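Quick notes on the structure that follows.
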Amino acid sequence: GRTGASLYQEITDRIIAELERGTVPWVKPWGRARTGLGLPRNAATQRRYSGINILILWGAVIERGFPSQNWLTFRQALSLGGNVRKGEHGTTIVHADRFVPKNEKQRADTDGDEPQAVPFLKRFTVFDVAQCDNLPEHLYAAGEPLPEREMVPQAEALIHATGADFRIGGERAFYMPGSDTIQVPPQPAFFHQIDYYRTCFHELGHWTGHPRRLARDLSGSFGSNTYAREELVAEIASAFICSSLGIEPSVRHADYIGSWLTVLREDNRAIFRAASHASKAADFLLGRNVDVEGEAHAETAYGSAQSSHATALRL
Numbered sequence: 001g002r003t004g005a006s007l008y009q010e011i012t013d014r015i016i017a018e019l020e021r022g023t024v025p026w027v028k029p030w031g032r033a034r035t036g037l038g039l040p041r042n043a044a045t046q047r048r049y050s051g052i053n054i055l056i057l058w059g060a061v062i063e064r065g066f067p068s069q070n071w072l073t074f075r076q077a078l079s080l081g082g083n084v085r086k087g088e089h090g091t092t093i094v095h096a097d098r099f100v101p102k103n104e105k106q107r108a109d110t111d112g113d114e115p116q117a118v119p120f121l122k123r124f125t126v127f128d129v130a131q132c133d134n135l136p137e138h139l140y141a142a143g144e145p146l147p148e149r150e151m152v153p154q155a156e157a158l159i160h161a162t163g164a165d166f167r168i169g170g171e172r173a174f175y176m177p178g179s180d181t182i183q184v185p186p187q188p189a190f191f192h193q194i195d196y197y198r199t200c201f202h203e204l205g206h207w208t209g210h211p212r213r214l215a216r217d218l219s220g221s222f223g224s225n226t227y228a229r230e231e232l233v234a235e236i237a238s239a240f241i242c243s244s245l246g247i248e249p250s251v252r253h254a255d256y257i258g259s260w261l262t263v264l265r266e267d268n269r270a271i272f273r274a275a276s277h278a279s280k281a282a283d284f285l286l287g288r289n290v291d292v293e294g295e296a297h298a299e300t301a302y303g304s305a306q307s308s309h310a311t312a313l314r315l
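Going by this note's numbering, the letters in the sequence shown line up with residues 1 to 315, in that order.
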């Protein structure tokens, strides 16, 4: 098999190629797809896939027109009384694991300290249920996208459940880490009102990075690599949340594509990290059903996205 390092490069190259074509892998042209929205899951265990695997499996669903987001390994299909059709090609997903090399174990024994585990990627091949026959009928069901409408009750409920401090007004959307507040324009100000929710979830993606929550680096000033990396996390987190609520994801800022390409070309693990952080952010928000405790800190400087004095993470 190929090494973990080349696997990182292979997947990164694929995503770079899509971005260069102007396609954003986490905002696929869902309208042309036959599938319902949602996050891919394992049909046998009902566990959702996470991180980079969501991007890989979404890519396969769109490219090959699968009507379902349910996936199985070859053996799982058999265990459910079905089978993968002859001649079908699977999709490679990855699982990050760690192991302790023999010489490291010996060194640790000699030095009397903890052995250092080395991360590596394992490949798995999975098949969409559309590539299988004789499975239980309910596994073939596909979700329906929501109609575009003004109020999306489950989106409203999630925004409320986070307990985040939303300030409605103005013409720009941003998250201010200093005051731990989210500013968004009122819903009628959005040309497509559904964009209000997409924007709220993008800003909530940033909000999860606060030191009291998932503690990501929010210090990057506009135009820096750190800023671009955090924007990538919030963009993908918003896509994951929207999809899980049945809202079609969209690109908030096409002008960021150039800065994302720079980040991905410099580091073939950046997209893995961004997708992993985005998954954690989405899970943090989707699992949220109690208000956040604690007071927001007073804000002293009002920053705009372009200001170097106070960093605001814009939509």
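Every residue gets a Cβ at the ideal spot worked out from N, C-alpha and C, and that includes glycine.
All of these numbers come straight from a predicted model, not from anything done at the bench.
For residue i, the nearest candidate out of the options (CA to CA)
i	options	result
Ser68	Arg75, Ala60, Met176	Ala60
Ala237	Tyr8, Ile16, Arg41, Ser50	Ser50
Gly220	Leu232, Arg212, Arg213	Leu232
His210	Leu285, Gly90, Arg98, Asp109	Leu285
Leu245	Leu261, His89, Glu63, Arg198	Arg198
Asn53	Glu20, Leu7, Arg288	Leu7
Arg85	Val94, Phe74, Thr92	Phe74
Gly38	Pro249, Ala278, Ser243, Ile257	Ser243
Thr181	Glu203, Ala17, Phe120, Phe222	Glu203
Ala274	Leu80, Trp26, Asp165, His160	Trp26
Ser276	Val94, Ile159, Met176, Leu19	Val94
Phe124	Leu80, Asn42, Lys102, Ser250	Asn42
Arg21	Arg288, Gly258, Gly287	Gly258
Leu80	Val126, Leu135, Gly163, Phe191	Leu135
Trp207	Gln187, Gln76, Ala278	Ala278
Asp283	Lys102, Phe222, Thr162	Thr162
Lys19	Ser179, Thr92, Trp260	What sits at residue 19 in the sequence shown is Leu, not Lys. The residue with the shortest Cα to Cα distance from Leu19 is Trp260.
Pro185	Leu55, Cys200, Lys105, Glu137	Cys200
Thr92	Leu121, Ala77, Gly65, Gln106	Leu121
Ile56	Gly287, Pro249, Arg288, Phe272	Phe272
Gln76	Phe127, Met176, Leu218	Phe127
Coarse secondary structure for residue i, derived from DSSP in three states
i	result
Ile236	helix
Phe120	strand
Phe174	strand
Asp133	strand
Phe272	helix
Phe201	helix
Thr373	What the structure shows of the chain is the stretch from 1 to 315, and residue 373 is not part of that stretch, so it cannot be assessed.
Leu7	helix
Glu20	helix
His206	helix
His192	coil
Asp109	helix
Gly258	helix
Ile159	helix
Pro147	Residue confidence for Pro147 is low, a pLDDT of 48 falling below 50, so the modelled location carries little weight; the figure read from the coordinates is stated next. Coil at Pro147, not helix or strand.
Glu231	helix
Phe222	coil
Leu285	helix
Glu293	With a pLDDT of only 31 at Glu293, under the threshold of 50, the placement of this residue in the model should not be trusted; the figure read from the coordinates follows. Correct three-state label for Glu293: coil.
Glu104	helix
Val263	helix
Ala141	coil
Ile247	coil
Pro211	coil
Pro153	helix
Ser179	coil
Cys242	helix
Bridge partners - residue i, DSSP secondary structure assignment
i	result
Ile168	Val184
Thr125	Thr92
The ligand ATP heavy atom lying under 7 Å from the CB of residue i
i	result
Ala234	The ligand ATP is not among the ligands present in this structure, which contains no ligands whatsoever.
CB contact check: residue i to chain B, cutoff 8 Å
i	result
Gly59	Reference to chain B is not applicable here, since this structure consists of a single protein chain.
Which runs of the alpha helix (DSSP H) fall wholly inside the stretch 23 to 99 and span at least 4 residues, in chain order?
-> Taking 4 residues as the shortest admissible run, the stretch 23 to 99 contains the following complete alpha helix (DSSP H) segments, listed from N- to C-terminal end: 52 to 64, 74 to 79.
Three-pair Cβ contact test at 8 Å for the stretch 42 to 50 versus the stretch 112 to 120 | By the criterion of at least three beta-carbon pairs nearer than 8 Å, the stretch 42 to 50 is not in contact with the stretch 112 to 120.
Are at least three pairs of beta-carbons, each pair with one atom in the stretch 261 to 270 and one in the stretch 12 to 26, less than 8 Å apart?
-> Two segments are said to touch when three or more pairs of C-beta atoms, one from each, lie closer than 8 Å; by this definition the stretch 261 to 270 touches the stretch 12 to 26.
Counting pairs of Cβ atoms below 8 Å between the stretch 134 to 141 and the stretch 152 to 160, do you hit three or more?
-> These segments do not touch.
Could you say if the stretch 125 to 133 and the stretch 85 to 105 meet the contact criterion of at least three C-beta pairs nearer than 8 Å?
-> Yes: at least three Cβ pairs fall under 8 Å.
For the stretch 182 to 198 against the stretch 214 to 228, are there 3 or more C-beta pairs whose distance is under 8 Å?
-> Too few Cβ pairs lie closer than 8 Å, so no.
Does the pairing of the stretch 103 to 114 with the stretch 163 to 174 give three or more beta-carbon distances under 8 Å?
-> Judged by Cβ distances under 8 Å, the stretch 103 to 114 makes no contact with the stretch 163 to 174, as fewer than three pairs qualify.
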